[in-house]
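Data first, discussion second: the structure below is written as structure tokens.
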Amino acid sequence: QSHCSNQLHICQVTASPTTTSSTMPSRKNIPTPAFKSAVREDQIVCHLKPSKLPLSIENDAEEIYWDELPQSHHAKNTVNPIRKIVDALAVPPNPEKSLIKLHLGDPTLTGKLLPCPIVTQAMVDSVLSHKYDGYGPSVGVLEAREAVVAKYSLSENTFTADDVILASGASHALQLAIEAIADAGDNILTPAPGFPLYMTLCRPHGIEDRAYKLDMAKGALVDLIHMESLIDERTKAIIINNPCNPTGAVFPRWHLEEILKIANRHHLTIIADEIYGDLTYDGAEFIPISTLSPKVPVITCDGIAKRWLVPGWRLGWCIIHDRFRALGEVKKAMIALSQKIVGPCALVQGALPTILRDTPESFFDDVKVVLSANASVVYNSLRMIPGLHPVRPNGAMYMMVGIDRRFYGDETTFVQGLIKEQSVFCLPGSAFSAPGWFRVVLTYPEEVTLEACHRITEYCGDHINPDLPLELRSGFDLLGGDISPSLAEDEGVDASGEVDFDSGRSTESSESPESRAMSPV
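Residue 509 in UniProt numbering sits at position 509 of the sequence shown; the count goes up by one each step and never skips.
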């Protein structure tokens, strides 16, 4: 029993064959400040620090004090920078305005983007079939892995079901790849700005996440010279996220080939985070890096979360492209690591063949239309605001916006003010190793996106630095009044008056000199 009022715990003790009556506490009544309790012969009394209650203990009863148990070293190093940053933004939204959450990378929250009915029915059929109620292979059921082959194996990068390992989402796929390829003291190159989970997956294992710069002035392409300068004898892999979160950049063929040349020179594996693959618009083309030359080893991490709009279903996969059989031991390691969770959800695996085979291209086209329209709204609205510098994306679901500190201060102050005064919640760029920027999502209904842009415009007009020269502040004359009427409780807008701080992937951000260089000013 646990009595929280006075921190007293009565702990059960099982006597072993060697236990004697002299070593066991005898039956005694032990008074406490709150109650009296009888202690039987199979019980001892203990209570937790810092209470240390002044109990009256008889000589033949044993009193034990418990120190608070520490976290494991692994847990201490599993950090959540987004959580840390969002906690620092703990300001109440304006109760007079409905909350617009532009910070969460979950396309299901807005109500605008719904899964294809074929996808939903495939899941229903999987449940009703009762074929997937039990355990399956830790690497995934064969028909699901064969469905991945049928969908993604091309003449330029052929592979078989034996090269596919199913995972509990693309994040778990990344975890399998990172843990299989690197040891403590090794390093893996990661993008900055970039998805902070890479950091979270590396650091608990003593693996250094070594950030290479994306040049925001050049369309968020990789700074190839900087990338290669980071490589040493302990570098094991390069993570390439294309299309990119948070920038929305889509790398062209020539750029991917230059990255592969670097990997080939240094015999480095590419870990390709392609969860937003084919989610491109405005003329951009997604090219899987595994289809290009030179044929360096590539581990592709992907899943159904983003393109099929079902992130909560938690199904992803690793595809091991290994033309020269360099990853034989790494593959064995990934199979072993997959046994930790005995495979992802079998029900979703059962639905996967239908999902990958039968979802029509028109479904994806409709999603791209929404993203492109919202990108146009945000870009055309915010580029008119003095001191804001949006970078137009052509892939993924996000846009990065630079903040000139001379106009509005740092991005944390800016984002806090937006929440407090306008009930618009954006994510500071520091969550992505990009201080001086903020990220917005592009998945809302267009009228909600318009309203959010109107509120950001209003906030900037109220808070622009009055000491700036007039010619720098005069851009507001071009805005021409309201962008859209105010919304009350339209679809996709949370009118509860509370910000949900508990969603989002996480890691800890470090403001290295490289990341600070991302700032537009």
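Ideal Cβ placement from N, Cα and C applies to all residues, glycine included. Note that the structure is a prediction, hence the values are computed from the model and not measured.
Please work out which residues of its chain come closer than 8 Å, Cβ to Cβ, to residue i, disregarding the five sequence neighbours upstream and downstream, and give them in chain order.
{"i": "glutamate 498", "result": "Since pLDDT at glutamate 498 reaches only 33, below the 50 mark, its modelled position is unreliable, and the value read off the structure follows with that caveat. So the qualifying residues of the chain are Pro93 and Leu99."}
{"i": "serine 129", "result": "Gly350"}
{"i": "isoleucine 335", "result": "Ser138, Val139 and Ile165"}
{"i": "aspartate 232", "result": "Asn187"}
{"i": "leucine 292", "result": "Glu156, Arg253, Leu256, Glu257 and Leu260"}
{"i": "arginine 357", "result": "Ala147, Ala150 and Lys151"}
{"i": "isoleucine 262", "result": "Leu224, Met227, Glu228, Ile231, Ile238 and Leu268"}
{"i": "valine 415", "result": "Leu89, Phe425, Cys426, Leu427, Pro428 and Phe438"}
{"i": "lysine 420", "result": "Val91, Pro92, Pro93 and Asn94"}
{"i": "lysine 368", "result": "Leu279, Thr280 and Tyr281"}
{"i": "proline 360", "result": "Cys116 and Ile118"}
Output yes if chain B places a C-beta closer than 8 Å to the C-beta of residue i; else output no.
{"i": "proline 193", "result": "The structure shown contains no chain B; it is built from a single protein chain."}
Over the uninterrupted beta strand (DSSP E) stretch that includes residue i, give me the two end residues.
{"i": "tyrosine 398", "result": "398-403"}
{"i": "asparagine 465", "result": "No beta strand (DSSP E) holds asparagine 465; DSSP gives it neither H nor E."}
{"i": "glycine 316", "result": "316-321"}
{"i": "isoleucine 207", "result": "Segment: none, isoleucine 207 is in no beta strand (DSSP E) and carries neither H nor E."}
{"i": "alanine 220", "result": "Counting along the chain, alanine 220 falls outside any beta strand (DSSP E), and DSSP gives it neither H nor E."}
{"i": "proline 95", "result": "Premise fails: proline 95 is in no beta strand (DSSP E) and is neither H nor E."}
{"i": "leucine 388", "result": "388-391"}
Among the options, which one has its Cα closest to the Cα of residue i?
{"i": "glutamine 339", "options": "Val139, Tyr281 and Asn242", "result": "Val139"}
{"i": "aspartate 125", "options": "Leu418, Arg323, Leu347 and Thr443", "result": "Leu347"}
{"i": "cysteine 460", "options": "Pro445, Ala333, Pro435 and Glu411", "result": "Glu411"}
{"i": "arginine 210", "options": "Lys101, Ser433, Leu102 and Lys151", "result": "Ser433"}
{"i": "lysine 97", "options": "Gln422, Asn77 and Ser430", "result": "Gln422"}
{"i": "valine 250", "options": "Glu228, Asp215 and Ile287", "result": "Ile287"}
{"i": "residue 530", "options": "Phe414, Asn374 and Gly248", "result": "A query on residue 530 cannot be resolved here, the shown segment of the chain reaching from 1 to 521 and no further."}
{"i": "histidine 226", "options": "Arg234, Ile341 and Tyr212", "result": "Tyr212"}
{"i": "aspartate 302", "options": "Ala177, Val79 and Val367", "result": "Ala177"}
{"i": "residue 522", "options": "Arg405, Met397, Leu69 and Ile341", "result": "The structure shown does not extend to residue 522, since the chain is modelled only from 1 through 521, so no value can be given for it."}
{"i": "leucine 89", "options": "Pro428, Ile464, Leu174 and Val370", "result": "Pro428"}
{"i": "arginine 265", "options": "Glu228, Glu285 and Asp282", "result": "Glu228"}
{"i": "alanine 180", "options": "Asp87, Leu154 and Lys332", "result": "Lys332"}
{"i": "isoleucine 403", "options": "Pro393, Ile385, Met397 and Val127", "result": "Ile385"}
{"i": "serine 153", "options": "Thr359, Gln121, Asn374 and Ser290", "result": "Ser290"}
{"i": "cysteine 345", "options": "Arg405, Thr300 and Val127", "result": "Val127"}
{"i": "glycine 219", "options": "Ala375, Val448 and Pro393", "result": "Pro393"}
{"i": "glutamine 175", "options": "His321, Tyr198, Glu285 and Gly194", "result": "Tyr198"}
Tell me, to the nearest whole angstrom, how far the beta carbon of residue i is from that of residue j; I am working on the premise that it is less than 8 Å.
{"i": "methionine 400", "j": "proline 196", "result": "Rounded, the Cβ-Cβ distance is 14 Å, inconsistent with contact."}
{"i": "proline 390", "j": "tyrosine 379", "result": "5 Å"}
{"i": "valine 298", "j": "histidine 255", "result": "About 16 Å separates the two Cβ atoms, so there is no contact after all."}
{"i": "leucine 279", "j": "proline 252", "result": "Not quite, the Cβ-Cβ distance comes to about 16 Å (not below 8 Å), so this is no contact."}
{"i": "isoleucine 238", "j": "aspartate 273", "result": "Between aspartate 273 and isoleucine 238 the Cβ distance is about 11 Å, and since that is not below 8 Å, they are no contact."}
{"i": "glycine 105", "j": "glycine 343", "result": "About 25 Å separates the two Cβ atoms, so there is no contact after all."}
{"i": "leucine 214", "j": "alanine 192", "result": "7 Å"}
{"i": "isoleucine 275", "j": "alanine 161", "result": "Rounded, the Cβ-Cβ distance is 21 Å, inconsistent with contact."}
{"i": "phenylalanine 425", "j": "lysine 84", "result": "Their Cβ separation, rounded to whole angstroms, is 16 Å, which puts phenylalanine 425 and lysine 84 out of contact at 8 Å."}
{"i": "alanine 431", "j": "isoleucine 82", "result": "5 Å"}
Using DSSP's beta-bridge definition, name the partner residues of residue i.
{"i": "tyrosine 212", "result": "Pro191"}
{"i": "phenylalanine 425", "result": "Lys101"}
{"i": "alanine 237", "result": "Ile188 and Thr269"}
{"i": "isoleucine 299", "result": "Ile271 and Ile320"}
{"i": "tyrosine 444", "result": "For tyrosine 444, which the question treats as bridged, DSSP gives no partner whatsoever."}
{"i": "isoleucine 165", "result": "Cys318"}
{"i": "threonine 280", "result": "Gly395"}
If I measure Cβ to Cβ from residue i and keep anything under 6 Å in the same chain, skipping five residues before and after, which residues do I get?
{"i": "valine 164", "result": "Arg145, Val148, Trp317 and Ile319"}
{"i": "proline 107", "result": "Leu113, Leu309 and Thr443"}
{"i": "leucine 73", "result": "Correcting the residue identity first, residue 73 is histidine in this sequence and not leucine. Cβ within range, chain order: n/a, list empty."}
{"i": "arginine 203", "result": "Asn77"}
{"i": "tryptophan 313", "result": "Val348"}
{"i": "aspartate 366", "result": "none"}
{"i": "leucine 478", "result": "Model confidence at leucine 478 stands at a pLDDT of 38, short of 50, so the residue's coordinates are unreliable; what they give is reported in the following sentence. The answer, listed in chain order, is Met384."}
{"i": "histidine 103", "result": "Phe425, Cys426 and Leu427"}
{"i": "aspartate 133", "result": "none"}
In the DSSP assignment, find the alpha helix (DSSP H) that holds residue i and state where it starts and stops.
{"i": "phenylalanine 414", "result": "411-417"}
{"i": "residue 524", "result": "The shown model of the chain, from 1 to 521, leaves out residue 524, and the question about it has no answer."}
{"i": "alanine 144", "result": "142-152"}
{"i": "arginine 473", "result": "470-473"}
{"i": "alanine 242", "result": "It should be pointed out that residue 242 corresponds to asparagine in this sequence rather than to alanine. It is not in any alpha helix (DSSP H) - asparagine 242 carries neither H nor E in the DSSP assignment."}
{"i": "valine 378", "result": "361-382"}
{"i": "lysine 332", "result": "328-338"}
Which residues in the same chain have their Cβ closer than 7 Å to the Cβ of residue i, if we skip the five residues on either side of it in sequence?
{"i": "leucine 382", "result": "Leu388, Pro390, Val401, Cys453 and Ile456"}
{"i": "phenylalanine 363", "result": "Cys116"}
{"i": "lysine 131", "result": "Gly350"}
{"i": "histidine 172", "result": "Gly316"}
{"i": "serine 22", "result": "Residue confidence is low: serine 22 scores 45 on pLDDT, short of 50, so the model does not pin down where it sits. Its coordinate-derived value is still stated next. So no residue of the chain qualifies."}
{"i": "glycine 417", "result": "Tyr459 and His463"}
{"i": "arginine 307", "result": "Asp278, Leu279 and Phe364"}
{"i": "glutamate 143", "result": "Pro353"}
{"i": "glycine 328", "result": "none"}
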